[in-house]
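Chains A and B, in that order, are what the protein sequence lines are.
First residue of the first sequence: 87, per my numbering; consecutive thereafter.
First residue of the second sequence: 87, per my numbering; consecutive thereafter.
Even for Gly, the Cβ is constructed at its ideal location relative to N, Cα and C.
These numbers were taken from a predicted model, which means no experiment stands behind them.
Please read the structure below before turning to the comments.
Protein chains: 2
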Amino acid sequence: MTGSTRSKLVAGALASLVEHGIAGASARTIAAAAGVNQALVFYHFGTVDELLVAACRHGAEQRVATYRERLDGVRTVRELLDLGRELHTTERAGGHVAALAQLLAGAQAHPRLAPAAAAGLALWTDEIEKVLKRVLGGTPLGGLVDVAGLAKAISAAFVGLQLYEGVDVAGADAAFGALEQLAALVAAVDELGPVAGRAVRSHLRRTGVTPPQGG
Amino acid sequence: MTGSTRSKLVAGALASLVEHGIAGASARTIAAAAGVNQALVFYHFGTVDELLVAACRHGAEQRVATYRERLDGVRTVRELLDLGRELHTTERAGGHVAALAQLLAGAQAHPRLAPAAAAGLALWTDEIEKVLKRVLGGTPLGGLVDVAGLAKAISAAFVGLQLYEGVDVAGADAAFGALEQLAALVAAVDELGPVAGRAVRSHLRRTGVTPPQGG
DNA sequence: GTCTATAACTCGATAGAC
DNA sequence: GTCTATCGAGTTATAGAC
Chain A
87 MTGSTRSKLV
97 AGALASLVEH
107 GIAGASARTI
117 AAAAGVNQAL
127 VFYHFGTVDE
137 LLVAACRHGA
147 EQRVATYRER
157 LDGVRTVREL
167 LDLGRELHTT
177 ERAGGHVAAL
187 AQLLAGAQAH
197 PRLAPAAAAG
207 LALWTDEIEK
217 VLKRVLGGTP
227 LGGLVDVAGL
237 AKAISAAFVG
247 LQLYEGVDVA
257 GADAAFGALE
267 QLAALVAAVD
277 ELGPVAGRAV
287 RSHLRRTGVT
297 PPQGG
Chain B
87 MTGSTRSKLV
97 AGALASLVEH
107 GIAGASARTI
117 AAAAGVNQAL
127 VFYHFGTVDE
137 LLVAACRHGA
147 EQRVATYRER
157 LDGVRTVREL
167 LDLGRELHTT
177 ERAGGHVAAL
187 AQLLAGAQAH
197 PRLAPAAAAG
207 LALWTDEIEK
217 VLKRVLGGTP
227 LGGLVDVAGL
237 AKAISAAFVG
247 LQLYEGVDVA
257 GADAAFGALE
267 QLAALVAAVD
277 ELGPVAGRAV
287 RSHLRRTGVT
297 PPQGG
């Protein structure tokens, strides 16, 4: 554990969230993970919650920064799927999505954590939205689905899959595989061209689904 | 609060999970929510964890039973989407998905809760899988996507969206709306007929996605 | 089965020495 | 800025009266 005491505590908070969950992430377990004295939590951050908030923000910023270059390079849906699978595997090992999921769970009953959890999610959704806009922008799909909403749904699904994985690894893998098949399917339709796009759009009108522009 | 002490405690446990989260669901808060003495938690269930496990199982069984008749009546993707939206709204108010999400979060670091959380999720995924098999069985989509995996992904997404909603209601609504658009889109492609199905399948081969039968 | 009382422990947070 | 020591509250769980 290197760096200032503040950064040790932030790293320890993330580690403690992953290892003990939101219910077990106390000043003592965090300080133990950071290798510092327990009282320093309160000297540097005032309360445990404030430390968790700082850890959430720092963790999300660091992870998004790590992937920003890769995300900026994505040009096709297939590249996006590949990066998504890699991101899922890497972050699972690193425990960053797990920490965010724990903070999100804690925020449900603890309003002080909510803004930080929302901000941590927003960092991811904003980045995903940028990529989706670029990848889907010129295709029929971009006009048929609310891309900002889709980015939020993808983030939510990542969190849900992470929690699923904690109780059923094989099940979560199957779920992820099915989502990849589905995404590839949508991508395939997307690339069939304007004729298929018109047919789909016409069918959507008949079945009563409102495209994003229509309200 | 009616019924036996056991059932009061089970109901109190679910209420406490929703109100205080997994971190605040103690024997005392649960007993207070149930309106019974704290020591009865240990007399009837031995430990708090065992009570949470029983509550998770009972809650999931009760909710799935409530919806089974409705789910059995679903014949089209559109009906499924409508029921999904209604289910989401009703369960949000009832807090049942919220309780499952909290138990799932707790299970990440507490292996004793994991089997119960997995079983609670499995009750939902099994039911969703049955419906998906019936609705998608005769369509091209059924052959292109692993339906069992898709059912698990839908359950995971529900959990993720529930947690998202706790910190950003508008964002979660946008995410849910985008998923509905996407599902309607997939349904529309599904109903375009065998020509579109063949075109999509051929495109999927070229881009290297393996359909469920192929492995 | 239900209650009170309590043991043994952990929690957040603070005071004060250094 | 970091440490020890500690307070008061909350925690699981049990003993024993009823």
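Open item on the list: Does Q248(B) pass the burial test, meaning 16 or more other C-beta atoms within 10 Å, or should it be called exposed?
Closed with: buried
Task: Start and end residues, alpha helix (DSSP H) containing Q188(B) - done: First-last of the alpha helix (DSSP H) with Q188(B): 182 to 195.
Open item on the list: Short of 8 Å Cβ to Cβ, which residues in the stretch 110 to 124 of chain B face chain A?
Closed with: G110
Task: Cα-Cα separation, I240(B) to S90(A) - done: 43 Å
Open item on the list: Using beta carbons (cut-off 7 Å, strictly below), is H106(A) in contact with chain B?
Closed with: Interface residue, yes.
- [ ] Determine the contact status of V163(A) and A273(A), defining contact as a CB-CB distance below 7 Å.
- [x] yes
Task: Nonlocal neighbours in the same chain, by C-beta distance under 7 Å from E147(A), ignoring five residues either side - done: L209
TODO: With 7 Å as the threshold, decide whether the Cβ of K238(A) is near any Cβ in chain B.
DONE: yes
Open item on the list: So, with DSSP's three-state summary, where would you put G300(A)?
Closed with: Note on G300(A): pLDDT 42, under 50, position unreliable in the model; the coordinate value appears next. G300(A): helix per DSSP, three-state reduction.
Task: 4 or more residues per run - each alpha helix (DSSP H) lying fully within the stretch 219 to 248 of chain B - done: Fully enclosed alpha helix (DSSP H) runs of 4 or longer: 226 to 230.
Task: Cα-Cα separation, A120(B) to K94(B) - done: 5 Å
TODO: With a threshold of 16 other CB atoms inside 10 Å of the CB of G159(A), please say whether the residue is buried or exposed.
DONE: exposed
- [ ] Please list, in chain order, all residues of the same chain as G301(A) whose beta carbon is under 7 Å from its beta carbon, the five residues on each side excluded.
- [x] Because G301(A) carries a pLDDT of 37, less than 50, the predicted location of this residue cannot be relied on, and no value is offered for it.
TODO: Output yes if chain A places a C-beta closer than 7 Å to the C-beta of Q267(B); else output no.
DONE: yes
Open item on the list: Using beta carbons (cut-off 7 Å, strictly below), is D232(A) in contact with chain B?
Closed with: yes
- [ ] Pull up the distance between the alpha-carbon of V127(B) and that of V134(B), whole angstroms please.
- [x] 7 Å
- [ ] Show which residues of chain A have a CB atom less than 7 Å away from the CB atom of A203(B).
- [x] Simply V253.
- [ ] Note down the Cα distance separating R154(A) from G192(B), rounded to an integer number of angstroms.
- [x] Roughly 31 Å between the two C-alpha positions.
TODO: Classify A125(A) as helix, strand or coil using the three-state DSSP reduction.
DONE: When secondary structure is reduced to three states using DSSP, A125(A) falls in the coil class, being assigned neither helix nor strand.
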